[in-house]
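Number of protein chains: 2
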Amino acid sequence: MVKARKYVVKNNFQGLPKREDYEIVEYELPALKNGEILVKVEWVSVDPYMRAYNARYPVPYDQFGYQVGLVEDSKDPRFPVGTRVVSHKGWCDYAVIDTNDTKSDAGKVYKLPNLKGLSNSLGVGAVGMPGATAYFGFLEICKPKAGETVVVSGAAGAVGSLVGQIAKIKGCKVIGFAGSDDKVKWLEEIGFDKAINYKTADLAGALKAAAPKGVDCYFDNVGGELSSTIINQMNDNGRVSVCGAIGSYNDMGNLPKATILQPALVFHQLKIEGFLVWRWLDRQPEAFAEIVKWIHSGQLKPRETITEGFENIFDAFVGMLQGENSGKAVIKL
Amino acid sequence: MVKARKYVVKNNFQGLPKREDYEIVEYELPALKNGEILVKVEWVSVDPYMRAYNARYPVPYDQFGYQVGLVEDSKDPRFPVGTRVVSHKGWCDYAVIDTNDTKSDAGKVYKLPNLKGLSNSLGVGAVGMPGATAYFGFLEICKPKAGETVVVSGAAGAVGSLVGQIAKIKGCKVIGFAGSDDKVKWLEEIGFDKAINYKTADLAGALKAAAPKGVDCYFDNVGGELSSTIINQMNDNGRVSVCGAIGSYNDMGNLPKATILQPALVFHQLKIEGFLVWRWLDRQPEAFAEIVKWIHSGQLKPRETITEGFENIFDAFVGMLQGENSGKAVIKL
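Chain order of the listed sequences is Y and H. Sequential numbering from 280 applies to the first sequence in our numbering. Sequential numbering from 280 applies to the second sequence in our numbering.
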């Protein structure tokens, strides 16, 4: 019998999640049935959608989320012992996964892509859901052309930092908004043409100075007034990909107001599209192969903020929601 | 020598345009040169974009706008005397049009489409720019499917009233927002499944009751909080066509705030697109032929609010901006 621990969400969050909204439950894993595998979890992901989706689930529920783990026991010949897998089993140290349960939550279980020697943690980051989000959400919706000016908000986050680098690979000029001077410095180190601290800058003026020819594409992670400022500086036929609205996830029942977008939409014939990455689930291997190639060639530098220890997952989650991470926030168990 | 009168805009408007922002200038028309035609104006159009575009033009400028007129003299064999034409020469009673000046403002000059006995005034309405706007802006951007629920704001206006009727022709359920009980009554008479007075209703509640299955397509003429309310009730993969933002045209330098759209955009994977009708200029004949057919078959009932007299164009314009018209506001000279 294997002892396992998992985080159970007990409450619908009010504002920022609190430690007491979670309970760590210890229990004995049952013996494997046919089609099941036992996974020892090695890397756990914390992502903004874990906050946003909280209201959708009846409490209590097991905290969902991506993880990378090692198959320690198997009753599914497709996943023999020693296989590394990515699943959506969430914040736990051991998991029994029913590989035939393809109806349950998005993500299912799949073999870790061939990382060609890169850290396995990338399976929940640049070569996982955030990587696919950046790749498809930017390329498919913004359809950037070389020479265009691209703006990214939440630019130092897991997705934003990849989007900016992909935009550079595609020959664009890239401007990022982030929430600290350290992040601004890092973004310019990894190739952003300009990064702006949205907490201290005159937003409209700083953007005008950085993008004198206007903005063609905007990858939006945050929503709110920053997005209105950016969208109101867009060129004719500009495209906006809306990936998230992390600025409002802690109070979805009481959404903030921001300057309206309709005049800019009409007079500049803009397109704005929101997306969920599941739309391109079948094409994930394409994104992952490309991203691994870019990392190996040095064109893309993924960064991780790594927290150690099962007990610290909650703190890493709240830190991520407060913008403490640069790049992908992951937890090493 | 022909005496002509025209409205000249003297000021950049502050808020609602004022009579003294205009001067009526009387002058003698010059003799025709080769390629020019003399048009006696019969119908003049007032439209929201005349307010919105005011800030773009250095004053003084001749008020632009669509008009239908009769060719009284001609030095262009393509437009012989007696031809009815549509031009963009604006608020005047006679105009000399240089038919070779294809570089000047959108619209140029073209022969009035074959209206098959309908009123020539429709050349600036349902069979003119507003008709093309409704036809392409709705069908091309919303791509409505039979059985879907469509919401139109500014539903009793020139464009909105056509959009709702086109949506019915395409088999959709249609809900309109308008600004008076009389308009609500009229919209339900011409086939809207439900019309709502946005000035008196509990917007979110009234929409939920009218659209219990949610909103699939939204044709936005007004912007602002009404649009945020509607967009926040949209279904997965909903489409929004943004035609105008008349609610903000009188104070474009100080745009209002409204509830943010990003969470709805992401979690329901919505698309929002603004447009200018010039995009489909080459395809106008297709829209006009279809609309004339629908009017003759009784499927589409265009309505006009007609003002008489050159001196009253300004009042008709301001009345339109304040929502006094039902259907297309036109002036008969």
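C-beta: ideal position from N, C-alpha, C; glycine also.
Our two residues, Y:Glu302 and Y:Lys289, have alpha carbons roughly 7 Å apart in a direct line. For the stretch 453 to 466 of chain H, the set of residues with a beta-carbon nearer than 8 Å to any beta-carbon of chain Y is empty.
The alpha-carbon separation between Y:Met531 and Y:Ile420 amounts to approximately 25 Å.
Using a Cβ distance threshold of 8 Å, H:Asp377 and H:Gly314 count as a contacting pair. Flagged as an interface residue toward chain H: Y:Glu552, by a C-beta distance shorter than 8 Å. For Y:Thr378, no beta strand (DSSP E) encloses it, and the DSSP letter there is neither H nor E.
For Y:Leu482, no CB of chain H lies under 8 Å from its own CB, so it is not counted at the interface with that chain. Within chain H, the residues whose beta carbon sits less than 9 Å from that of Y:Ile539 are Gly502, Gly503, Glu504, Ser506, Ser507, Ala524, Gly526, Ser527, Leu534, Pro535, Lys536 and Ala537, listed in sequence order. Only residues of its own chain outside the window of five on either side were considered, and among them Gly443, Val453 and Gly455 have a CB closer than 6 Å to the CB of Y:Phe471, listed in chain order.
With its beta carbon at least 8 Å from every one in chain Y, H:Leu486 lies outside the interface. For Y:Gln512, no chain H residue has a Cβ inside 7 Å of its Cβ, as the nearest lies near 13 Å away. Cβ-Cβ distances below 6 Å link Y:Gly526 to Val501, Gly502 and Gly503 in the same chain, with the five nearest sequence neighbours on each side left out; the list follows chain order. For H:Phe417, the three-state secondary structure derived from DSSP is helix. Separation of H:Ile574 and H:Pro581 (C-alpha to C-alpha, rounded to the nearest whole angstrom) is 7 Å.
Annotation: the continuous beta strand (DSSP E) that includes Y:Gly517 extends over Met513 to Val521.
Pairing Y:Val609 with Y:Ser324 gives a Cβ-Cβ distance under 8 Å.
For a Cβ distance threshold of 8 Å, nothing in chain Y lies close to H:Pro409: the least Cβ distance comes to about 15 Å. Chain-order list of chain H residues neighbouring Y:Asp499: Gln541, by C-beta distance under 7 Å. The alpha helix (DSSP H) runs of length 4 or more contained entirely in the stretch 428 to 510 of chain Y are, from start to end of the chain, 437 to 448, 460 to 468, 482 to 489 and 503 to 510. Per DSSP, reduced to three states, the secondary structure at Y:Asp341 is strand. Contact annotation: Y:Tyr286 and Y:Gln342 have beta-carbon atoms nearer than 8 Å. DSSP places Y:Leu600 within a helical segment (H, G or I) once states are collapsed to three.
Contact annotation: in the stretch 310 to 326 of chain H, no residue has its CB less than 8 Å from a CB in chain Y. Inter-segment contact for the stretch 586 to 603 of chain Y and the stretch 289 to 300 of chain Y is present: three or more beta-carbon pairs are separated by less than 8 Å. A direct Cα-to-Cα measurement between Y:Pro542 and H:Arg330 gives close to 13 Å.
Against chain Y, the beta carbon of H:Leu544 has neighbours under 7 Å at Val521, Ile551 and Gly553, listed in chain order. Counting only residues of its own chain and dropping the five nearest sequence neighbours on each side, H:Glu305 has a CB closer than 8 Å to the CB of Lys282, Ala283 and Arg284. With a 10 Å radius around the Cβ and a threshold of 16 neighbouring Cβ atoms, Y:Glu565 comes out exposed. Y:Met531 reaches chain H at Pro542, counting residues in chain order whose Cβ is nearer than 8 Å. Proximity of the stretch 550 to 569 of chain H to the stretch 409 to 417 of chain H meets the contact definition, three or more beta-carbon pairs being nearer than 8 Å.
With respect to Y:Tyr477, Y:Leu441 sits apart: the two C-beta atoms are not nearer than 8 Å.
Between Y:Val438 and Y:Cys522, the CB-CB gap stays under 8 Å.
Separation of H:Glu587 and H:Ile448 (C-alpha to C-alpha, rounded to the nearest whole angstrom) is 32 Å. Taking the Cβ atoms as the reference, Y:Ile509 lies roughly 19 Å from Y:Ser459, outside the contact range of under 8 Å. Residue pairing of H:Leu349 in beta bridges, as defined by DSSP: H:Lys319 and H:Arg363. One Cα belongs to Y:Met513, the other to Y:Gly426, and the distance between them is close to 15 Å.
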